[in-house]
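Numbering (the working numbering), first residue to last: 1 to 323. Note that the Cβ used here is the ideal one computed from N, Cα and C, for glycine as well. Note that this is a predicted model, so its numbers are computed, not measured. Worksheet: the structure to be examined is printed underneath.
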């Protein structure tokens, strides 16, 4: 999501300029590949690019093809087949063995449509499914109900269906120094951070960098895709927060900092609490020590929960890495 936000930021600048640019989109992958369908790469006429379609091995070649598409102002379909280490093919020495199909679109009006739809998706805070259709020189993009995700081609008509997830919005409750480490890590991922605590005790520079700040008793407008991390280091504060209208089933993730004994005390205070919806102790078991490592553990668990994964080492996973 961070990459998509960066691309949209650069697109805003390019669309307000007279520069040429192209947007490359991965529409199909077969076998092993570093990126999945929906990955994008924005290229300007000066050879700068944002985003990516691989781990760095294909971008240089795609840049040349995108510059040609810009000069000709024609849509181009590119296929990279890295399934064989053929010394006469681009795939030699690449870490992934897969087939990747990419559409490069240099038409300003087309990219404007894409930017508009992506902004709508991100601003809504909800997941969306978008369908892009190329047919000759014509292009359209729209939200659809289909959630399967696919790429089909019939003659000169190409249809790409993709899922745009909701950007992660996290509420961090507490203003101790360990909250700052978590805030900064979430910001690196371009997550939308909302900070709850005593505003007078919040670090001013960090307070000014988050999406919004709230005092302990302020009303919070919560979406069911939001994540909550309680790290107030104040038992009574946590009990009060969990006892009010912010029921745990309103969140996609609820994590509470502290040991099992602390959680047992909370349950004695709130026996109706849906403990199966809580992560406490919080985070993945990676032996984290100190605020920065604990922040990594927490963010890793949030990603695992949101993506339906168990947090195991990939070497133990059977089958494809990507579901």
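Tell me the residue span of the beta strand (DSSP E) that contains residue i.
i, result
"residue 169", "169 to 173"
"residue 242", "Taken as a continuous stretch (DSSP letters only), residue 242 belongs to no beta strand (DSSP E), being part of the alpha helix (DSSP H) at 235 to 243."
"residue 161", "157 to 164"
"residue 152", "150 to 154"
"residue 143", "138 to 143"
In terms of alpha-carbon separation, which member of the options lies closest to residue i?
i, options, result
"residue 160", "27, 223, 197 and 68", "27"
"residue 72", "61, 222 and 21", "21"
"residue 324", "251, 1 and 111", "Lying outside 1 to 323, the shown extent of the chain, residue 324 is not represented and no answer is given."
"residue 235", "258, 214 and 224", "258"
"residue 99", "29, 176 and 240", "29"
"residue 47", "57, 65 and 33", "65"
"residue 202", "175, 145, 284 and 53", "175"
"residue 138", "286, 182, 157 and 260", "157"
"residue 251", "209, 276 and 69", "276"
"residue 146", "127, 153 and 135", "127"
"residue 125", "74, 18, 318 and 226", "226"
Could you tell me whether the Cβ atoms of residue i and residue j are closer together than 7 Å?
i, j, result
"residue 24", "residue 141", "no"
"residue 254", "residue 228", "yes"
"residue 282", "residue 242", "no"
"residue 113", "residue 130", "no"
"residue 170", "residue 206", "no"
"residue 102", "residue 78", "yes"
"residue 365", "residue 12", "With the chain running from 1 to 323 in the structure shown, residue 365 is simply not present."
"residue 230", "residue 256", "yes"
"residue 279", "residue 286", "no"
By the three-class DSSP mapping on this structure, what secondary structure does residue i have?
i, result
"residue 60", "helix"
"residue 182", "helix"
"residue 317", "coil"
"residue 211", "coil"
"residue 280", "coil"
"residue 187", "helix"
"residue 40", "strand"
"residue 200", "helix"
"residue 102", "strand"
"residue 81", "strand"
"residue 67", "helix"
"residue 301", "helix"
"residue 22", "strand"
"residue 289", "coil"
"residue 193", "strand"
"residue 247", "coil"
"residue 127", "coil"
"residue 205", "helix"
"residue 222", "coil"
"residue 256", "strand"
What first and last residue would you give for the alpha helix (DSSP H) that runs through residue i?
i, result
"residue 260", "260 to 269"
"residue 35", "Counting along the chain, residue 35 falls outside any alpha helix (DSSP H), and DSSP gives it neither H nor E."
"residue 110", "108 to 124"
"residue 9", "2 to 15"
On the CB-based measure, 16 or more other CB atoms within 10 Å of its CB, does residue i come out buried or exposed?
i, result
"residue 197", "buried"
"residue 106", "buried"
"residue 109", "exposed"
"residue 132", "buried"
"residue 221", "exposed"
"residue 51", "buried"
"residue 67", "buried"
"residue 265", "exposed"
"residue 295", "buried"
"residue 290", "exposed"
"residue 144", "exposed"
"residue 53", "buried"
"residue 93", "Low per-residue confidence applies at residue 93: pLDDT is 47, beneath 50, and the placement is therefore not dependable enough to give any value."
"residue 223", "exposed"
"residue 219", "exposed"
"residue 37", "buried"
"residue 82", "buried"
Compare the C-beta of residue i against all C-beta atoms of chain D and say whether one is closer than 7 Å.
i, result
"residue 269", "The question asks about chain D, but that chain is absent: this structure has only one protein chain."
Sorry if obvious, but does the Cβ on residue i come closer than 6 Å to a heavy atom of the ligand SAH?
i, result
"residue 199", "This structure simply doesn't include the ligand SAH, nor any ligand for that matter."
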